[in-house]
Amino acid sequence: MALVNTKKMFEMAYKNGYAIGAFNVNNMEITQGIISAISQEKAPLILQVSRGARAYASISYLKSIINVAVEENPDIPIAINLDHGDNFETCRQFVDDGFTSVMIDASSLAFEENIDITKKVVEYAHPRDVVVEAELGQLGGIEEDVVGVDDVSRHLADPAQAVEFVERTGCDSLAVACGTSHGAFKFKSEPKIAFDIIQKIADKLPGYPLVMHGSSSVLKEFKDLINKYGGDMPNAMGVPEEAVSKASKMAICKVNIDTDLRMALTAKIRQVFAEKPGEFDPRKYLGPGRQAIEEMVSHKLHVLGCAGKASECM
Ligand code: G3H
Ligand code: 13P
Ligand code: ZN
5 MALVNTKKMF EMAYKNGYAI GAFNVNNMEI TQGIISAISQ EKAPLILQVS RGARAYASIS
65 YLKSIINVAV EENPDIPIAI NLDHGDNFET CRQFVDDGFT SVMIDASSLA FEENIDITKK
125 VVEYAHPRDV VVEAELGQLG GIEEDVVGVD DVSRHLADPA QAVEFVERTG CDSLAVACGT
185 SHGAFKFKSE PKIAFDIIQK IADKLPGYPL VMHGSSSVLK EFKDLINKYG GDMPNAMGVP
245 EEAVSKASKM AICKVNIDTD LRMALTAKIR QVFAEKPGEF DPRKYLGPGR QAIEEMVSHK
305 LHVLGCAGKA SECM
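Going by my numbering, the sequence shown opens with residue 5, and the numbers climb by one from there.
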C-alpha cells in the first residue's frame, strides 16, 4: 500500500509541523538518488512529473521506474503528482495514467477562470481518489528595488481570495505565491519570503495544507563546483534553507524542489569531465551525479523535518 495520495501525509505534516519534499523526476538516476535517500531516512515522499519530463522521457518509462521504486519500498508512502498541469485534458491524462495527485496551474488566468478549471479537475479527480493541488498568485521574486508595492501585492497570493478559492473549488491543497520563483536565479539581492502572507492564509484556512513552489536553495557546494568546472552561474541564488525550514513548520505541507537536483547532477558531471577528460562511460559520470542527489535529498529531508515520518503517514 505504498502508492498513496497526499491526504494522510498532509494531515500529519500539518499537525506535526513539517513538510513533505516533492522532488521532480526526469530519468532513472534522479529517481534512484531520491529513492535511496527516502529509503534510508524513512521519509514520506512526493515524486512529481512535469509536462516537460513527460515529453522528455515518456510517461510509460517514468511510471515504470516509479513503480519499481514503490514496489521496493512498501514501508514508505509515495505519492506521484503531475507538476503544473496546464489544462483539464493534461490533468485527466495523468489521472488516467495512475497518478495519485495532479496540480492544475491556472494561476495565470483570471480568478473566475482559475476557479472554473480547477473545479472541473476536482470533479474528475476526486471520484478516482486523486487529490488536486491548485495555485493562486504568480511566482516571482519580491524585489523592492525593482518593483513597487502594487506590483508585489499583485503577484503574491491574496489571503481573502484564498478562502473563496478553496471553498468554491474543493481543491485539496493550494500553492501560494509567496516570493519564490522557479530556477536558479530567484533573487537579485537579499532573499525575501512573504511569511506574513503564508500566515494570513493559514489563519483564514486553519488545518488546510499549503504548497511552496520554487523552494530550491541553490546550494553553495554545487554552485561552486559548476562555476569551477566550466559552468557560468555566478549570480545563482535560492531560498535559504532556514527559510524553507521555517515555512515547513508553518502551514506549508509540500515543498517543491527541482533545481537543487539539477545542480547536484550537473556539478558532478562537470567535475568528472574536468578531472577525467577521457571519460566516456556514462555510468562513471551519472553514478557520481546520482550519489550527490542521494546525499543532497537526505539532507533536505532534515531541513523539511520529514525524516523518520514515513510510518505515521501510512
Ligand atoms: O516547475 C518547474 C519544475 O522545475 C519543472 O521544470 O517544466 O522544465 O520540467 P520543467
Ligand atoms: P525550484 O526551481 O526552486 O526547484 O522549484 C521547483 C518547483 O517548484 C517545481 O514545481
Ligand atoms: Zn513549481
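Cβ coordinates follow ideal geometry from the N, Cα and C atoms, glycine included.
Keep in mind it's a predicted model, so treat the numbers as computed, not measured.
- Sorting Thr122, Ile80, Asp79 and Ser111 by C-alpha distance to the C-alpha of Glu93 places Thr122 at the top.
- When the five nearest sequence neighbours on each side are left out, the beta carbons in the same chain lying within less than 7 angstroms of the beta carbon of Ala314 are those of Lys46, Ala47, Pro48, Asp79, Ile80 and Pro81, in order along the chain.
- Leu113 is classed as exposed because its beta carbon has fewer than 16 other beta carbons within 10 Å across all chains shown.
- If you compare the alpha carbons of Lys67, Met13, Val8 and Phe14 with that of Asn28, the shortest gap goes to Lys67.
- DSSP, reduced to helix, strand and coil, places His217 outside both helices and strands of the structure shown, so it counts as coil.
- Burial state of Gln36 is buried, judged by a 10 Å Cβ sphere holding 16 or more other Cβ atoms.
- In the DSSP assignment, Val248 falls within the unbroken alpha helix (DSSP H) covering Glu245 to Lys253.
- Scanning Lys196, Arg132, Val136 and Phe115 for the CA closest to the CA of Ala164 turns up Phe115.
- Contiguous beta strand (DSSP E) elements confined to the region 169-237 occur at 177-180 and 214-216, taking only those with 3 or more residues.
- Using a cutoff of 7 angstroms, the CB of Asn91 does not count as near ligand 3, since none of the ligand's heavy atoms is closer than that.
- Counting of Cβ neighbours within 10 angstroms places Lys272 among the buried residues, the total reaching 16 or more.
- For Ile261, the three-state secondary structure derived from DSSP is strand.
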